[in-house]
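Read in order, the letters of the sequence shown correspond to residues 1035 to 1180 in my numbering.
No residue lacks a Cβ here, since even glycine has one placed at the ideal position from N, Cα and C.
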Amino acid sequence: MRIWKGQLKRQSAHSLKVLTMFYLTDTHALIWYLIGRLPSRVDEVFRRAERGETIIYLPTVVLAECFYLVEHGKIAMDIGELLNKIEMSDNFIPVPFDFEILKLLPMVNLSEIHDRIIVATAKHLNAKLITKDKEITQSGEVEVVW
């Protein structure tokens, strides 16, 4: 698993004087980051978070999908190690699926419930969404980075 090679910058992006963007990742992008398969432009966003220069939000539904994929043998990943790395980081921040995000779901016009939750979370946080998902990208619901 490739996550956070070397030392993480402990400076929180929240404390930076000039923070231009916040990001939120979907499951596909997170997994490709962890196994080192992201396109270089997208990988650079994750590297900026590693260096403490930006924040990437991790919806809990994305982390739950990672658990599911590991449990069903679809991907090989040490979930405990992933959670430990997230807890140590100030720049990879888990975001729970809460009532405020739930209230946004009716306004998100996508077919898949997990995608709706992810997009609603990005809207709630005013974050750019890191995704390759064609339906999300074509929907125009949020700004997409890929």
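- Looking only at Leu1068, Met1055, Leu1116, the smallest Cα-Cα distance to glycine 1086 is reached by Met1055.
- Restricting attention to beta strand (DSSP E) runs no shorter than 3 residues, the region 1110-1154 encloses them at 1126-1129, ordered along the chain.
- For proline 1140 and glycine 1107, the gap between their C-alpha atoms comes out near 33 Å.
- Listed in chain order, the non-local C-beta contacts of valine 1096 below 7 Å within the same chain comprise Thr1059, Asp1060, Thr1061, Leu1064, Ile1152, local neighbours out to five positions each way being set aside.
- Contact annotation, isoleucine 1120 with proline 1128: C-beta distance approximately 6 Å; criterion of less than 8 Å satisfied.
- The C-alpha of isoleucine 1113 lies about 10 Å from the C-alpha of glutamate 1105.
- Comparing alpha-carbon positions, the option among Ala1154, Glu1084, Leu1072, Ile1109 lying closest to leucine 1138 turns out to be Ala1154.
- Note on geometry: alpha-carbon atoms of phenylalanine 1101 and methionine 1111 lie some 9 Å from one another.
- According to DSSP, threonine 1171 shares a beta bridge with no other residue.
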